[in-house]
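**Q**
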Amino acid sequence: MENSKLYELLDIPHEVASRLEEYGRVRDIRIPDDVCRKLFLRTEWDEGVRQLQSLWDDDPDGIKILWEQLNIVSGYTYGEYCKRGIPEEVFAATMKFCTRFLREHYKTFGFYKYVCAWWFPRQMSLNEFRIGALEYEFIDGEEREVAVHIPSDADMGTRSIQNSLADFYEFREKYYSGWEDVQLTCDTWMLMPELQQFLGEDSHIAAFQRLFEIDSIDREAVWYMEWIFPGYGTVDENLPEKTSLQRELKKYLLAGKKFGIAKGHIKGSFN
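Residues in the sequence shown are numbered from 19 upward in steps of one, following this note's numbering.
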């Protein structure tokens with residue numbers, strides 16, 4: 019697939035697409051084969067991305083590394099989807115991960131910047147897929163698991179979540195045989211038990227929680243801040259109160275209490 023066609027398919031913002039095209043015209047580097055190889059090995063993703071970033075003296079807005087990663091997607095990943103028979107709609111929904119983060123950065127800070135190069139190898143290497151509302155990552159580590167990720171634009175309605183899970187089970191059976199009995203896990207602030215008192219039993223998040231059994235809670239983790247309070251990293255009176263969740267969690271945190279991240283596994287199947 020041509021890069022320009024990929025930008026169009028992924029609905030890359032026009033300003034970003036223009037800058038990508040400009041970089042592509044003047045690009046004068048070649049990615050070493052060893053760096054490319056690392057981008058497809060889970061244990062070496064981080065090193066591969068660091069080495070890729072080191073190829074330029076500066077890339078303040080991330081346009082250069084975004085071009086390089088999307089170039090790999092158009093030249094390799096798309097072909098793998100076609101070879102395996104995975105529908106293009108799944109490809110587009112999955113790769114729009116980078117589009118979503120570009121738009122979210124613009125919404126929060128008023129300008130486009132690509133800040134998620136460290137995560138994109140999951141999609142590039144066909145380890146993570148968006149199926150409906152949710153994303154599913156096949157993790158073949160010391161123990162196999164399928165990590166469920168919740169995109170910021172996910173429809174968290176009960177039917178939407180159930181449809182996503184049901185469609186994923188079909189996807190897994192068709193394209194990833196041998197993974198049928200692997201546990202689905204989720205590591206997120208949305209599983210924190212305090213949310214039930216903040217949002218009530220009838221909230222979509224509370225309904226999502228009921229699908230899982232909690233295995234652990236990390237109250238020292240603070241990366242929930244970037245999702246609940248985008249653009250804010252410090253707990254103080256300046257935290258926004260635009261949503262009921264923000265208002266309740268702000269009061270909770272200002273009272274000196276810790277929130278955190280919970281990990282759980284899904285209780286059942288929608289097969």
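From the three backbone atoms N, C-alpha and C, an ideal C-beta is built for every residue, glycine too.
Predicted model only: the values in this text are computed from it and were never measured.
Do you know offhand how far S195's Cα is from I279's?
**A** Within the sequence shown, the letter at position 177 stands for residue 195. Within the sequence shown, the letter at position 261 stands for residue 279. Going by the C-alpha atoms only, they are around 31 Å apart.
**Q** Determine the closest residue to Q227 out of G251, I179, A135, with distance taken between C-alpha atoms.
**A** Your numbering for residue 227 matches position 209 in the sequence shown. That would be I179, whose Cα lies nearest to the Cα of Q227.
**Q** Mapping DSSP to helix, strand and coil, what is M208?
**A** Position 190 of the sequence shown, counted from the start, is the residue given in the question as residue 208. In this structure, M208 counts as helix in the three-state DSSP scheme.
**Q** What does the alpha-carbon distance come out to for the pair M113 and I168?
**A** Translated into the one-based positions of the sequence shown, residue 113 becomes position 95. Translated into the one-based positions of the sequence shown, residue 168 becomes position 150. If I take the Cα positions, the gap works out to 15 Å.
**Q** Going by C-alpha to C-alpha distance, which of M208, A110, A151 sits closest to F186?
**A** As a working mapping, residue 186 is identified with position 168 in the sequence shown. Among M208, A110, A151, the Cα nearest to that of F186 belongs to A151.
**Q** Take A135 and list the residues in its own chain whose beta-carbon comes closer than 8 Å to its own, dropping the five residues that flank it on each side.
**A** In the sequence shown, residue 135 corresponds to position 117, counting from 1. Same-chain partners within the cutoff: V67, L70, Q71, G80, I83, L84, Q87.
**Q** Quick one: is V91 buried, meaning 16 or more other Cβ sit within 10 Å of its Cβ, or exposed?
**A** Against the sequence shown, residue 91 aligns to sequence position 73. Buried, by the Cβ-count rule.
**Q** Quick check: what's the CA-CA separation for E106 versus E163?
**A** Against the sequence shown, residue 106 aligns to sequence position 88. Against the sequence shown, residue 163 aligns to sequence position 145. When rounded, the distance between both Cα atoms is 25 Å.
**Q** What is the rounded straight-line gap between the Cα of M210 and the Cα of D236?
**A** Stepping through the sequence shown from its first residue, residue 210 is reached at position 192. Stepping through the sequence shown from its first residue, residue 236 is reached at position 218. M210 and D236: Cα-Cα distance of roughly 9 Å.
**Q** Identify every residue that forms a DSSP beta bridge with V164.
**A** As a first step, residue 164 must be located in the sequence shown, where it is residue number 146. DSSP lists F156, L202 as partners of V164.
**Q** Could you give the first and the last residue of the continuous beta strand (DSSP E) run that contains R148?
**A** As a first step, residue 148 must be located in the sequence shown, where it is residue number 130. R148 -> beta strand (DSSP E) spans 146-149.
**Q** What beta strand (DSSP E) runs, 3 residues minimum, are completely inside the region 180-260?
**A** Complete beta strand (DSSP E) runs here, min 3: 202-206, 230-236.
**Q** Please check the pair C116 and Y99, which I expect to be a contact at CB under 8 Å, by giving their CB distance rounded to whole angstroms.
**A** What you label residue 116 is simply residue 98 of the sequence shown in a count that begins at 1. What you label residue 99 is simply residue 81 of the sequence shown in a count that begins at 1. Not really, about 16 Å apart at Cβ, beyond 8 Å.
**Q** What do you get for H32, buried or exposed, if any count of 16 or more other CB atoms within 10 angstroms of its CB means buried?
**A** Locating residue 32 in the sequence shown gives position 14, where the first residue counts as 1. It counts as exposed.
**Q** Counting only the same chain and skipping the five closest in sequence on each side, list residues whose C-beta sits under 6 Å from that of P139.
**A** Here the question's residue 139 lines up with position 121 in the sequence shown. So the list reads L57, W63, once near-sequence residues are dropped.
**Q** Considering Cα atoms alone, identify which of L257, G249, G274 is closest to E238.
**A** As a first step, residue 238 is located in the sequence shown; it is residue number 220 there, counting from the start. For E238, the nearest C-alpha among the options comes from G274.
**Q** Between L202 and V166, how many whole angstroms is the CB-CB distance? I'm expecting something under 8 Å.
**A** Taking the first residue of the sequence shown as 1, we reach residue 202 at position 184. Taking the first residue of the sequence shown as 1, we reach residue 166 at position 148. Their Cβ separation, rounded to whole angstroms, is 6 Å, which keeps L202 and V166 in contact under 8 Å.
**Q** Checking 8 Å against the spacing of the C-beta atoms, do V200 and Y130 come in under that value?
**A** Walking along the sequence shown from the start, residue 200 turns up at place 182. Walking along the sequence shown from the start, residue 130 turns up at place 112. Going by C-beta atoms, V200 is not nearer than 8 Å to Y130.
**Q** With distance defined between alpha-carbon atoms, name the residue in L263, Y250, L257 nearest to L5.
**A** In the structure as shown, the chain begins at 19 and stops at 289. Residue 5 is therefore absent and cannot be evaluated.
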